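Asker:
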Amino acid sequence: MKHRITALAALAVFGTAACAPADDPASPAADAVSEAAQQSTSGAPAAGPLAADVLATLPVKGRAPKTGYDRDEFGATWADVDRNGCDTRNDVLARDLTGEQFRPSTQDCVVVSGTLVDPYTGQTIAFQKGDGSSVDIDHVVALSNGWQTGAFAWDESRRTAFANDPLNLLAVDYSANRQKGDGDAATWLPSDRGHRCAYVARQVAVKADHGLWVTPAERDAIAGVLDSCPGEPVPTSSAPAPETVAPPPADPATAPFANCDAARAAGAAPLHRGDPGWSDAMDGDGDGTACE
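In the numbering used here, the protein residues as written are 50 to 341.
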């Protein structure tokens, strides 16, 4: 359901209290997740200032060390930060897929199938939950890039808000996302050239909204793309305020599977971290996919 997704940090005005300068580690709000969720209810235009103008406001610094980086520093994977009863991964799938179908008894939460027009490759992809290799959820500004451009100084609540911000998330082709890794615009751009302007504009929007900086090479690469589309605006949230949705009743299907044999028997394998039935114990290699 397209109405379920909400932006966690409105971009109508840059520099809110939720995105104090990244080089001031004492500045994050005590509860950035709650604050961001409250901001999402105000709504915003579908497009904001010109991306080139916003890029010019971003601090330019060298990349900070990756020392101390760990995915766990950004909170629980695919947390339900907007408290709509559905985790962020399924929210993004419901937003970006068409013809989506939901698992029964999950109150239109768990997406089991749909069609994606992939923004990175331009291909049309049929998604089936459990196939493990068709659709990924990408952090447009990678978490490790965020860490090295300011997020290392944040508290966990602020990093959790960043990791689950719908503005920073896109459903994309699995292989393209793996090729991107944690690259920035200086090292990776979508193969679909028609989407590159929107892609770097989204990176600019995310960095401006969360108070992150860009490296010189990253700034130059983004500026080079935007030279071909000087009228490209930064995206903002046009989502309506979230509905108050009661959490679904307890469902045995959402409890962790006892083991991979049980997951396969239920037709749920492979599992991705955050899926109903997930257990870290089943992810032996720690790659976020279990029971491959």
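Every residue, glycine too, gets a C-beta built ideally from N, C-alpha and C. Just so we're clear, the structure is a prediction, and the values are computed from it rather than from any experiment.
(1) In or out: residue 227 buried (at least 16 other Cβ within 10 Å) or exposed?
(2) Take the Cβ of residue 252 as the centre, count every other Cβ of all protein chains shown within 10 Å, and call the residue buried at 16 or more, exposed below.
(3) Identify, in the order they occur along the chain, each residue of the same chain with its Cβ nearer than 8 angstroms to the Cβ of residue 254, setting aside the five sequence neighbours on each side.
(4) Quick check for students: name the residue ranges of the alpha helix (DSSP H) that lie wholly in the segment 194-241, counting only runs of 4 or more.
(5) Going straight from the alpha carbon of residue 326 to that of residue 317, what length do you get?
(6) For residue 281, does the three-state DSSP call read helix, strand or coil?
(7) Spell out the partners DSSP gives residue 163 in its beta bridges.
(8) What does the Cβ neighbour count give for residue 247, buried or exposed, with the cut at 16 atoms within 10 Å?
(9) If residue 341 and residue 181 are in contact, beta carbons under 8 angstroms, what's the gap, nearest whole angstrom?
(10) Can you tell me whether residue 166 is buried or exposed, with buried defined as 16 or more other CB within 10 angstroms of its CB?
(11) Please determine, among 169, 154, 150, the residue with the shortest C-alpha to C-alpha distance to residue 160.
(12) Classify residue 197: buried if its beta carbon has 16 or more other beta carbons within 10 angstroms, exposed otherwise.
(13) Looking at C-alpha atoms only, which residue of 320, 232, 138, 321 is the closest neighbour of residue 214?
(14) Mapping the DSSP letters down to three states, classify residue 142 as helix, strand or coil.
(15) Name the residue from 261, 339, 241, 314 whose alpha carbon lies nearest to the alpha carbon of residue 171.
(16) Give the straight-line distance between the Cα atoms of residue 331 and residue 265, rounded to the nearest whole angstrom.
(17) For residue 237, collect the residues of the same chain with a Cβ closer than 8 angstroms to its Cβ; drop the 5 residues on either side in sequence, then sort them by chain order.
(18) For residue 342, which three-state DSSP category applies?
(19) Could one say the Cβ of residue 223 lies closer than 8 angstroms to chain C's Cβ atoms, at least one of them?
(20) So for residue 252, helix, strand or coil by DSSP?
(21) For residue 110 versus residue 262, is the C-beta distance shorter than 8 angstroms?
(22) Take residue 177 as the anchor and find which of 314, 211, 163 has the nearest alpha-carbon.
(23) Taking just the CA atoms, how far does residue 321 sit from residue 337?
(24) In whole angstroms, what is the alpha-carbon distance linking residue 328 and residue 194?
(25) Quick one: what's residue 187 bridged to in DSSP?
(26) Where DSSP assigns a beta bridge to residue 109, which residues make up the other side?
(27) Here's the rule: buried if 16 or more other CB atoms are within 10 angstroms of the residue's CB, otherwise exposed. What is residue 106?
Answerer: Reading from the atomic positions:
(1) exposed
(2) buried
(3) 60, 97, 100, 103, 216, 283, 284, 285
(4) 205-212, 223-229
(5) Their Cα atoms are separated by approximately 8 angstroms.
(6) coil
(7) In the DSSP assignment, residue 163 forms a beta bridge with 176.
(8) buried
(9) Indeed, because the Cβ distance is near 6 angstroms, the residues count as touching under 8 angstroms.
(10) Under this definition residue 166 is an exposed residue.
(11) 150
(12) buried
(13) 138
(14) helix
(15) 241
(16) Between the C-alpha atoms of residue 331 and residue 265 there is a straight-line separation of about 41 angstroms.
(17) 228, 229, 230
(18) The structure shown does not extend to residue 342, since the chain is modelled only from 50 to 341, so the question has no answer here.
(19) Within the model displayed, chain C is absent; a lone protein chain is all it includes.
(20) helix
(21) yes
(22) 163
(23) 6 angstroms
(24) Residue 328 and residue 194 have their C-alpha atoms some 27 angstroms from each other.
(25) Partner residues in the beta bridge of residue 187, as assigned by DSSP, are 219.
(26) 263
(27) Classification of residue 106: exposed, given that the 10 Å Cβ count is below 16.
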